[in-house]
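For reference, the structure discussed in these notes is given below.
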Amino acid sequence: MATLSFGGFLTFAGFLSRFWPSTITGLVLGAVYALVALGYTLVYGVLRLINFANSEVFMLSAFGSFLAIEVLNVPQRLTGGGDPVKTGWELIGILALCLVVSVVIGGLSAVVVERVAYRPLRQRNAPRLVFLISAIGASFAISEAVGEWGPQQRDEYALTKFFKKQQLFKVFGADVYNANVIVVVGAAVMALALVLFVSKSRVGRGIRAVAQDAETAKLMGVNVDRIILITFLVGGLMAGGAAFLYEIHTPFARYDVGFSIGIKAFTAAVLGGIGNVRGALLGGVLLGLIESWGSSLFGSDQNIGNVAAFVTLVLVLMVRPSGLLGESLGRSKA
Amino acid sequence: MEQPLLKVDHVTMQFGGLVALDDVDFSIEQGEILGLIGPNGAGKTTLFNVATGVYQATAGQVRFEGRNLAKTERHKITKLGIARTFQSIRLFPDMTAIENVMVGADAHHTTSVLSAMFHLPKHKAEEKQGLKRALELLEFMGIADRGDDAARNLPYGYQRRLEIARALATNPKLLCLDEPAAGFNPAEKIELMGLIRAIRDQGYTVLLIEHDMSLVMGVTDRIVVLDFGKKIAEGTPAEIRADRAVIAAYLGEPADAS
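One line per chain: the protein sequences are A and B, in this order.
Read in order, the letters of the first sequence correspond to residues 6 to 339 in this note's numbering.
Read in order, the letters of the second sequence correspond to residues 626 to 883 in this note's numbering.
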């Protein structure tokens with residue numbers, strides 16, 4: 006990539022040559038954004054509230070998988086200190102462990118956030134603004150607490166150490182690694198499960214009913230508090246899954262890892278139309294692609310990608326103020 | 626006499642300085658159609674909201690099968706057996722007609738979230754049953770042909786009837802209808818009267834708030850009349866039709882003109 010050293014700007018021809026690789030990077034990023042965006046959009050649907058602490062649910066889940074490996078002393082047990090790279094069943098075992106731990110921590114922490122930061126306010130009929138402050142407060146409190154008293158940063162037991170990136174195949178000349186495939190397929194499976202859950206199941210019907218008219222839902226016998234709790238739980242599970250997929254690519258977890266992911270995922274939800282499940286998925290993938298294309302077009306710097314992503318958001322909202330697919334809260338087809 | 630299904634026991638309802646209901650007292654017996662009428666602003670809807678547990682009475686209480694509703698959470702009131710429709714239609718607009726009814730049917734389903742997530746047999750059975758019930762109710766209300774349409778796309782008359790179907794899906798002991806004929810033409814009103822009778826014949830008790838006198842007179846067993854938050858009369862349609870206080874309230878004649 007000699008062109009990259011020219012003060013950051015790439016020729017258009019250079020961009021074309023990097024188009025497919027950056028598309029794959031973008032899809033991987035977008036898959037993570039999309040899953041986290043689901044948490045924002047679901048909670049917004051039932052409460053009309055941006056749960057800023059969703060990004061911290063993501064962060065806690067990311068740490069969770071590292072801690073699980075550390076606490077269980079997985080590398081020592083498996084190799085007695087030898088080559089950390091695992092294959093076959095050992096690798097699948099580690100991945101499964103991390104996934105389960107991430108998802109459980111994600112679900113639990115989201116439920117705790119709802120119980121501690123929001124439900125008490127709801128019971129006292131607090132004004133909307135108070136919820137917002139509580140959301141921001143919860144986010145900072147969790148992140149800073151982990152930074153101050155918690156693990157702050159962990160890389161010793163990063164998933165990437167056990168996991169050897171292997172090129173599986175090429176798409177238009179771009180290398181596709183096993184890690185890419187796991188992330189995209191994993192995210193697609195989780196997203197599909199969620200869409201089916203919301204559109205087909207009884208609880209999903211309850212979630213949509215509350216999203217469309219919470220008061221009426223209550224009078225029809227829907228236990229709204231329970232539905233809200235489940236919504237947080239499901240959003241947390243998605244954030245947990247996203248954290249696991251993120252860790253496959255990222256060699257560390259840090260107390261502030263949720264911040265940028267959270268902002269992007271929230272942006273993705275707004276881009277697609279907040280409250281709209283399919284919108285969050287579309288927004289996430291688009292945002293990942295735009296960010297990745299942006300950084301390969303204008304230079305390798307990550308910040309340029311961010312600029313491209315947010316400029317796109319502003320442009321889209323100028324034309325479609327309610328997002329690409331609109332704020333169709335709880336639409337029948339999710 | 627056995628215990629009434631719903632007892633409105635000397636209920637007073639104040640909003641700040643405004644007395645919306647003043648010592649209103651009546652009861653609804655099992656299996657009857659009770660009409661609640663009164664001029665605009667008489668307190669019908671307020672009473673309706675107190676009776677269905679939306680508002681808590683300032684004084685007095687509402688007992689459903691002897692149980693004080695003020696001490697019951699709202700979503701549990703439905704489970705006790707009170708269902709309602711709304712004067713201004715409040716369906717779930719983006720859900721299909723079938724789904725709207727199924728939300729009502731869900732009220733008495735018992736399976737947990739986990740069994741829903743993992744599609745356990747009991748949950749499946751309940752889902753199937755709920756769907757079957759929803760289709761039956763749409764059929765009964767005569768709107769089954771549009772079951773898969775989003776509620777927002779249904780014609781007005783369908784939406785009104787869908788609200789009744791959704792309320793019936795909760796298996797209520799008491800069905801409260803808040804001006805179900807609002808916006809209906811005479812033919813639709815006659816059809817609705819038939820439906821309300823058919824609902825009663827299936828064993829439901831009905832509380833009907835209505836503006837339209839011909840509908841109320843034609844379908845109810847007993848009528849309670851409110852005016853300025855007070856009960857001014859109670860009796861059979863024939864008695865109410867002849868009641869001077871009622872005529873005065875509706876026509877604006879002085880009540881002591883006798």
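Ideal Cβ positions, reconstructed from N, Cα and C, are used throughout, including at glycine.
From a predicted model like this one, the values you see are computed outputs, not experimental measurements.
Taking the DSSP output, what are the residues bridged to residue i?
i	result
A/M64	DSSP, once it has assigned bridges, lists no residue as partnering A/M64.
B/V644	B/Q639
B/R692	B/F689
B/F651	B/V633
B/D719	Looking at the DSSP assignment, B/D719 forms no beta bridge with any residue, so it has no partner.
The alpha helix (DSSP H) that contains residue i, what's its start and end?
i	result
B/A867	P862 to A867
B/Q592	Lying outside 626 to 883, the shown extent of chain B, residue 592 of chain B is not represented and no answer is given.
B/T670	K669 to A676
A/G288	V282 to F303
B/L787	Y781 to A794
A/R124	R124 to Q128
B/I723	A722 to D731
A/L21	F17 to S22
Would DSSP call residue i helix, strand or coil?
i	result
A/I29	helix
A/F11	Unreliable positioning characterises A/F11 in this predicted model, as indicated by a pLDDT of 44, which lies under 50. The coordinate reading is nonetheless provided below. A/F11 falls in the coil class under three-state DSSP.
A/S327	coil
A/A42	helix
A/K338	Bear in mind that a pLDDT of 40 at A/K338, under 50, signals an unreliable position, so the number given afterwards is only what the model happens to contain. If DSSP states are grouped into helix, strand and coil, A/K338 belongs with coil.
A/T272	helix
A/G119	A small fix is needed here, since residue 119 of chain A is Glu in this sequence, not Gly. A/E119 falls in the helix class under three-state DSSP.
A/V312	helix
B/R847	strand
B/E657	coil
B/E835	coil
A/M6	Because the pLDDT of A/M6 is 38, which lies under 50, any placement of that residue in the model is unreliable, and the question is left without a value.
B/D770	helix
B/A858	strand
B/Y662	Just to set this straight, residue 662 of chain B is Ile in the shown sequence, not Tyr. Reduced to three states, the DSSP call for B/I662 is strand.
A/A131	coil
A/G58	A small correction: the amino acid at residue 58 of chain A is Ala; Gly does not occupy that position in the sequence shown. In the structure shown, A/A58 sits in coil (DSSP, three-state: anything other than H, G, I, E or B).
B/A775	strand
B/A682	coil
A/L322	helix
Counting only Cβ pairs nearer than 8 Å, list the residues of chain E close to residue i.
i	result
B/V728	Annotation note: the requested chain E is absent from the structure, which comprises protein chains A and B.
I'd like the span of the beta strand (DSSP E) that includes residue i, first residue to last.
i	result
B/A708	I707 to R709
B/Q639	L631 to F640
Name the residues in the region 217–230 of chain A whose C-beta lies less than 9 Å from a C-beta of chain B; which are they?
Q217, D218, E220, T221, A222, K223, L224, M225, G226, V227, N228, V229 and D230
Select from the region 806–840 of chain B all residues with a C-beta closer than 8 Å to any C-beta belonging to chain A, and list them in chain order.
none
Runs of beta strand (DSSP E) lying entirely within the region 186–267 of chain A, each at least 3 residues, in chain order
none
In chain order, what residues of the region 692–717 of chain B put their CB closer than 7 Å to some CB of chain A?
R699, H700, T703, K704, R709, R715 and F717
Report the residues of the region 773–804 of chain B with a CB closer than 7 Å to any CB of chain A, ordered along the chain.
A775, R791 and T795
Quick one: complete beta strand (DSSP E) runs, 3+ long, within the region 155–190 of chain A?
172–176 and 179–182
With a floor of 4 residues, list each alpha helix (DSSP H) that falls wholly inside the region 796–830 of chain B, ordered by position along the chain.
811–826
Please identify, using Cβ separations under 8 Å, the residues of the region 752–771 of chain B that lie next to chain A, in order along the chain.
E752 and G755
To be precise: take each residue of the region 852–877 of chain B, compare its Cβ to all Cβ atoms of chain A, and keep it if any distance is under 8 Å. Which residues remain?
none
Give, in chain order, every residue of the region 187–209 of chain A whose Cβ lies closer than 8 Å to some Cβ of chain B.
F202, S206, R207 and V208
Can you pull out the residues from the region 670–685 of chain B whose beta carbon lies closer than 9 Å to at least one beta carbon of chain A?
T677, G678 and V679
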